[in-house]
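In what follows, a single structure is set out as structure tokens and then discussed.
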Amino acid sequence: MPNQNTLLYLPLTFRILAVAIFACLFLAPKAMADTKDQEYIVLISSSTFREKWAYDLLETVEKAFNDENSVKVYSETLTTWHFNNQQEINQKVDYLKDKYSVPPQAVIFVGDPGWYVCKPLFDTIWKGVPTIICHSMPHTSADINKYYNGEYIPEDQIIATPEMLERYNVTAINIPVCIKETIELMKEITPEMKKVVLLSDDRFICSLIRKKAEGIHQQYFSDLDMEFITYPQTNTETMLHKISESGRETGIIYCSWVNVASQNLSEKYYPDERMHSYISGIVKKPVFSLSDQFTRVHALFAGGHYIGSSDVESTVIGEIRSALKKDGTYEAKTVVAGTPNTYLNYQTLLDKGVPLDNFPKNAVYCDVPPSFIQKNIIYVVIVLGTAIVLLLFYFMHKRIKKVRETEWQEHLHLLENILDNLPIAAKVKDVDNDMRYTFINKKAEELFEYPAKEAIGRTDFDIMPEAATMIRKEDEELVRTGIAQSGTRRFFTNKNEERFTFQNNNIVSFSDGRKWILYTAWDITDQKILERKLRLAKEEAEESNRIKSAFLANMSHEIRTPLNAIVGFSSILAEDVSEEERIEYLSIISKNNDILLQLINDILDLSKIEAGTLEYVYANIDVNKMLSEIEQAARMRQPNANVAICAVMPMPDLLLYTDQRRITQVLNNFISNAMKFTNTGSITFGYEEPKDGYIRFFVTDTGTGIPPEKVADIFNRFVKLDSFKQGTGLGLAISQNIVKELKGEIGVLSELGKGSTFWFTLPYEKMGAHRSILP
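Going letter by letter, the sequence shown gives residues -33 to -1, 1 to 742 in mature numbering (1 follows the signal peptide of the UniProt record, and there is no 0).
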């Protein structure tokens, strides 16, 4: 059972876990790439593809070449910050050597560190393979192990990249950092700025940027103060506090804040993938960046002066195509990724209080609010289209009256061809002939699913009797008033598909007294469905914010309660107490330690799930042994002697290929909930014999049950059936995410006053004599 010292050992636990993950990765049988009979390229990230710009680059390369079926694209991640020694680097190189034993047509690296890790491959099996390094630096550390760990690197250990690359077939794509131009941009947007703060971490690449920024500050901006806030010299919490308190006279530049290698528990609250949103949300003024990060789509940063990601992607694609040519013309070189420009997010600048007069004139703006015409473009086009149709009818009618009878049919045919090729559905009725149809174009046939030949000469009562009465009333009103009718119509097709149109009904009067009704309609189904989805997404976001606010309000109480118990009874233990009291107080402290630890674990797991970094380690597990251990632990922490706890194991032996830690987490969540709401009776958990390729786990209790109206929401985040019970309301939501990740289903059966059964299923297949532990 965890005690009050558990928190002190968490860093060690993380280290052990990391070693276990590396052991699984490097000692497991390699998943061989199918490269024997195909041409392929490999895109290798020095870190991961979780960063948006790196993922976009991968996606662009895959789309460019996989879609063309020219070469196959494979991708690998090195997470170089995890390397602790040369042995781990060698293991990774061996993994790549086994997987890609047939040399690729080209290798693309995102960042220099990846190339230095893989350099032995280019001395052996990949020798001469065209290589492209994106985000190459002009010089770097000679020791890759010092690249990420923040050690001081003497100048004699810093080497020029061209010297390292001159004997290899390597093209280096440089992306210069435009610090001077970005500060000038900041001064233009915020003239009151008197200080610049640069946020970065202790990686080698950031140290070079800080050194460059220091020189630029001394040479060009001596009138400004400059401060470097660097991780881990400054922890994340302190950094966020400092920038939140800074006024508008302080400009902030975000370079990087990578804390992924940290074993500090508090830093796990702030995954580096979400630092953009944390910083943007806490600062009330625009934050600028030195690269294309969260300026265009997410509108978190105001922007900066840099080479756009689209230019970088185009340069990389161009160099790959050049490298794949087999005419011997490819030459290794050093190129710049593109031309730097000023990129700004219009809406972010407005939201952060920047006056329109301070918006630079020569910038490329993203997220610019649409003009009136842009917002109403569909309706503008519909009105113009209707006007064109009316003018065509008018002029063609006048023209037909003037021509000879032999030419009348030719002009009528021409008019019908024009109308048939319009993107607007058009229908014409003869008012004097009982509102019978005289013309229907092709678009109207498609939209309303009725052949024009069958409709001509008929009324709505013949074609669509279910809506004919309503349509006739509208027609009579139009003829009586002469006022055009317009509006959105909703209907269902013969296949019961929902459709929307924007419709105009107009009267066309001729000189001889005849009248036609002209209907024009534009299909706006996609727009209406998108509006509905956006509205639902907005409502869901508002509900999520409401629930989170309630959660935060509850968390202070949830954390304070066990802390008060731990601190209070710890201070009492320092006094002279009896042995019986001491044992009782230690038990209370231990129990509240468990509660506090569970609170922290739930919050950390939720953060990892949102960031997509929750780890899964697959292996063949003994299910019966796992359940026996859970049963023993549950009985020890069950405070109620009136509740029996029993594990059900219908098979004498059962092996399952899954993540034992996550399965245990889900079952313990279910059992903990059952304990809270079961005062008498039993809590039974276990599994049923596998069926149809799945195995079903369950936890059944004889507790209070769940009200029917709350069953549908029970797996949502921050939902608590009883606000007086301890807990975050996250356990079931986390369990649902885990089960989905493990390719299973989850659910609950409950009857109020009689108890509940929480269950989940997992894929199951019989274990062979040997199986790889790779998922």
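Quick reminder that beta carbons are idealized off the backbone N, C-alpha and C, glycines included.
- Message: Whole angstroms are fine: how far does the CA of Thr15 sit from the CA of Val633?
- Response: To locate residue 633, count along the sequence shown from 1; it is residue 666. To locate residue 15, count along the sequence shown from 1; it is residue 48. Cα-Cα distance, rounded: 28 Å.
- Contact between the segment 182 to 190 and the segment 202 to 212 (3+ Cβ pairs under 8 Å): no
- beta strand (DSSP E) containing Gln452: first to last residue? As a position in the sequence shown, residue 452 is number 485, starting the count at 1. Its beta strand (DSSP E) spans residues Gln452 to Phe459.
- Could you check if Lys396 is buried or exposed, using at least 16 other CB atoms within 10 Å of its CB as the buried criterion? For the purposes of this step, residue 396 is taken as the residue at position 429 of the sequence shown. Buried, since its Cβ has 16 or more Cβ neighbours within 10 Å.
- Tell me whether Val144 is buried or exposed, calling it buried when 16 or more other Cβ atoms sit within 10 Å of its Cβ. For this step, residue 144 is matched to residue 177 along the sequence shown. It counts as buried.
- Message: Is the separation between the beta-carbon of Ile140 and that of Glu286 shorter than 8 Å?
- Response: In the sequence shown, counting from the first residue as 1, residue 140 sits at position 173. In the sequence shown, counting from the first residue as 1, residue 286 sits at position 319. Taking 8 Å as the Cβ cut-off, Ile140 and Glu286 qualify as a contacting pair.
- Message: Buried or exposed, going by whether 16 or more other CB atoms sit within 10 Å of the CB of Ile450?
- Response: Reading the sequence shown from its first residue, position 483 is the one you call residue 450. Ile450 should be labelled exposed.
- If you run the structure through DSSP and keep just helix, strand and coil, what is Tyr187? Locating residue 187 in the sequence shown gives position 220, where the first residue counts as 1. Three-state DSSP puts Tyr187 in a helix.
- Message: With the cut-off set at 8 Å, would you say Gly698 and Asp561 are in Cβ contact?
- Response: Residue mapping note: residue 698 aligns to position 731 of the sequence shown, counting from 1. Residue mapping note: residue 561 aligns to position 594 of the sequence shown, counting from 1. Cβ distance not < 8 Å, so Gly698 and Asp561 don't count as in contact.
- Task: Determine, using beta-carbon pairs with one atom in the segment 650 to 658 and one in the segment 613 to 621, whether at least three such pairs fall under 8 Å.
- Result: yes
- Per DSSP, cross-strand counterpart(s) of residue 745: The chain is shown only over -33 to 742; residue 745 falls outside these bounds and no answer can be derived.
- For Phe665, which residues from the same chain have a beta carbon less than 6 Å from its beta carbon, with the 5 sequence-adjacent residues on both sides left out? If you number the sequence shown from 1, residue 665 lands on position 698. Correct list, in chain order: Thr724 and Trp726.
- Message: At the 8 Å Cβ level, is Leu581 part of the contact set with chain D, yes or no?
- Response: The chain inventory of the structure shown lacks chain D, comprising one protein chain alone.
- Message: Quick check on the burial criterion: 16 or more other C-beta atoms within 10 angstroms. Buried or exposed for Arg457?
- Response: As a first step, residue 457 is located in the sequence shown; it is residue number 490 there, counting from the start. By the 10 Å Cβ count, Arg457 comes out exposed.
- Going by DSSP, what residues sit across from Asp192 in a beta bridge? On the sequence shown, residue 192 is found 225 positions in, with the first residue counted as 1. Asp192 is bridged to Lys162.
- Message: Per the DSSP calculation, Leu10 is bridged to which residue(s)?
- Response: Numbered from its first residue, the sequence shown carries residue 10 at position 43. The partner list for Leu10 (beta bridge, DSSP) reads Ser42 and Ile75.
- Item | Three-state secondary structure assigned by DSSP to Glu676 | Counted from its first residue, the sequence shown places residue 676 at position 709. Helix.
- Task: Name the one or two DSSP bridge partners that Ser167 has.
- Result: Position 200 of the sequence shown, counted from the start, is the residue given in the question as residue 167. DSSP, once it has assigned bridges, lists Thr197 as partnering Ser167.
- Can you tell me which of Ser595, Glu280, Thr448 and Asp259 puts its alpha carbon nearest to the alpha carbon of Gly271? The residue given as residue 271 occupies position 304 in the sequence shown. Per the Cα distances, Asp259.
- Message: So Asn559 and Ala532 are supposed to be a Cβ contact under 8 Å. How far apart are they, rounded?
- Response: Here residue 559 refers to the residue found at position 592 when the sequence shown is read from its first residue. Here residue 532 refers to the residue found at position 565 when the sequence shown is read from its first residue. About 4 Å separates the two Cβ atoms, so the contact holds.
- Are the beta-carbon atoms belonging to Asn308 and Val331 less than 8 Å from one another? The residue labelled residue 308 in the question sits at position 341 within the sequence shown. The residue labelled residue 331 in the question sits at position 364 within the sequence shown. Going by C-beta atoms, Asn308 is nearer than 8 Å to Val331.
- Message: What ranges does the alpha helix (DSSP H) occupy inside the segment 545 to 613, keeping only unbroken runs of at least 4 residues that lie completely in it?
- Response: 546 to 578 and 590 to 603
- Query: Among Lys59, Gly480, Ile567 and Leu540, which has the Cα closest to the Cα of Ser554?
  - Reply: The count along the sequence shown starts at 1 and reaches residue 554 at position 587. Of Lys59, Gly480, Ile567 and Leu540, the residue nearest in Cα terms is Leu540.
- What number of angstroms, rounded off, separates the C-alpha of Arg481 from the C-alpha of Lys410? For this step, residue 481 is matched to residue 514 along the sequence shown. For this step, residue 410 is matched to residue 443 along the sequence shown. Rounded to the nearest angstrom, the two C-alpha atoms are 26 Å apart.
- Message: So if DSSP puts Asn704 in a beta bridge, which residue, or which two residues, is it bridged to?
- Response: Walking along the sequence shown from the start, residue 704 turns up at place 737. Beta-bridge pairing links Asn704 to no other residue.
- Message: Quick check on the burial criterion: 16 or more other C-beta atoms within 10 angstroms. Buried or exposed for Tyr83?
- Response: Counted from its first residue, the sequence shown places residue 83 at position 116. That one is buried.
- Which of the three DSSP states, helix, strand or coil, is assigned to Trp48? To locate residue 48, count along the sequence shown from 1; it is residue 81. If DSSP states are grouped into helix, strand and coil, Trp48 belongs with the helices.
- Query: If you follow the alpha helix (DSSP H) that Trp20 is part of, which residue opens it and which one closes it?
  - Reply: Mapped onto the sequence shown, residue 20 falls at position 53. It spans Lys19 to Asn33 - the alpha helix (DSSP H) in which Trp20 sits, taken as one unbroken run.
- Which term fits Leu594, buried or exposed, when burial requires 16 or more other beta carbons within 10 angstroms of its beta carbon? For the purposes of this step, residue 594 is taken as residue 627 along the sequence shown, with counting starting at 1. The residue in question, Leu594, is buried, as its Cβ has 16 or more Cβ neighbours within 10 Å.
- Item | Close-in-space but distant-in-sequence residues of the same chain around Tyr731 (CB under 8 Å, 5 per side omitted) | Working through the sequence shown from its first residue, we reach residue 731 at position 764. So the qualifying residues of the chain are Leu623, Pro657, Gly660, Tyr661 and Ile662.
- Query: Can you name, in chain order, every residue of its own chain whose Cβ lies under 6 Å from the Cβ of Thr405, other than the five neighbours on each side?
  - Reply: On the sequence shown, position 438 is the one that residue 405 refers to. Only Val395 and Asp397 meet the Cβ criterion.
- Message: Here's the rule: buried if 16 or more other CB atoms are within 10 angstroms of the residue's CB, otherwise exposed. What is Met437?
- Response: The sequence position of residue 437 within the sequence shown is 470, counting from 1. Exposed, because fewer than 16 other Cβ atoms sit within 10 Å of the Cβ of Met437.
- Helix, strand or coil at Glu118 according to DSSP, with G and I counted as helix: In the sequence shown, the residue the question calls residue 118 occupies position 151. In this prediction, Glu118 scores a pLDDT of 49, lower than 50, which makes its location untrustworthy; the coordinate-derived value is nonetheless stated afterwards. DSSP places Glu118 in coil when its eight states are reduced to three.
- Where do the ends of the beta strand (DSSP E) carrying Ala488 lie? Here the question's residue 488 lines up with position 521 in the sequence shown. Per DSSP, Ala488 belongs to the beta strand (DSSP E) from Lys482 to Asp490.
- Message: Using C-beta distances below 6 Å, list every residue in its chain close to Glu151, excluding the 5 sequence neighbours before and after it, in chain order.
- Response: Position 184 of the sequence shown, counting from 1, holds the residue named residue 151. Within the same chain, Glu151 has no close Cβ partners at all.
- Which residues in the same chain have their Cβ closer than 6 Å to the Cβ of Thr647, if we skip the five residues on either side of it in sequence? As a working mapping, residue 647 is identified with position 680 in the sequence shown. Excluding residues within five positions, the ones whose Cβ falls inside 6 Å are Asn609.
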